[in-house]
Amino acid sequence: MKICFRCKEAKPLSEYTVDNKSKDGLRSTCKACNAILGKVWVTANKDKLREKGRGERWKSYLRSYRKEHKADRAAEARRYRAKYRDEVRAHRRKHYAENKEQLSAYRAEYIKNHPWFNREASSRHRATVLQRTPKWVDYEALKEIFRNCPKDMVVDHIIPLRGKNVSGLHVPSNLQYLTPEENGKKSNKFVIEGACETT
Ligand SMILES: [Zn+2]
1 MKICFRCKEA
11 KPLSEYTVDN
21 KSKDGLRSTC
31 KACNAILGKV
41 WVTANKDKLR
51 EKGRGERWKS
61 YLRSYRKEHK
71 ADRAAEARRY
81 RAKYRDEVRA
91 HRRKHYAENK
101 EQLSAYRAEY
111 IKNHPWFNRE
121 ASSRHRATVL
131 QRTPKWVDYE
141 ALKEIFRNCP
151 KDMVVDHIIP
161 LRGKNVSGLH
171 VPSNLQYLTP
181 EENGKKSNKF
191 VIEGACETT
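Pasting the structure below:
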């Protein structure tokens, strides 16, 4: 027999749940009391539990909603961007002006850790200026190529963006990795602008 800590009744050991953390290997309160305590706890924490449940349900709802309405949401975002383009631009400009130092510090830090980022950006900028980046380009794939460029190699346009006879596009299939030496040789052969940014 063991006396329950809560109801103070002496009850057979079978009336107690096993608890490896306690000294005698059993819970200090009997099963009947545990049931009551459990209910009391649930009542006391009802709001908290409900909030949690609601949070989980809400999250899973959002997940499935986003998945189902992916195309709609993209179209909506496009419309929104078109509609508020000027406002957004003004807002960005203001935000930039107000946080100039912090933002440029962030950027410098990011570029320090991701050197390929600048190379991709300047390569894309050149391609854009030369009107060689098609609208349908897979921008993520482009970034991936620059991100994965082996050290000591450069990303090169197989067909130069501004070749003598034919001009290539700034697209993944027109990119290759070359050593700077190979790229230099190529630059001599083609128009100099055919080589992309090397540093
Ligand atoms: Zn009890």
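Start counting the sequence shown at 1; every next residue gets the next number (our numbering). Backbone N, C-alpha and C define an ideal beta-carbon position, used for all residues, glycine too.
In this structure, R27 has its beta carbon at no less than 6 Å from each heavy atom of ligand 1.
Apart from sequence neighbours up to five positions away, the residues of its chain that approach K11 with a beta-carbon distance below 7 Å are M1, K2, C4 and C30, ordered along the chain.
E9 and R50 have their alpha carbons spaced roughly 34 Å apart. Taking C-beta separations shorter than 8 Å and ignoring five residues to either side along the sequence, the partners of G25 in its chain run V18 and D19, following chain order.
In this model, V129 and E56 are separated by some 48 Å (Cα to Cα). The alpha-carbon separation between A44 and R54 amounts to approximately 17 Å. Pairing L169 with P134 gives a Cβ-Cβ distance under 7 Å.
When the five nearest sequence neighbours on each side are left out, the beta carbons in the same chain lying within less than 7 Å of the beta carbon of P172 are those of D138, A141, L142 and I145, in order along the chain. Pairing Y106 with R89, the inter-Cα distance amounts to about 20 Å. Here D156 carries a strand assignment [DSSP, helix/strand/coil].
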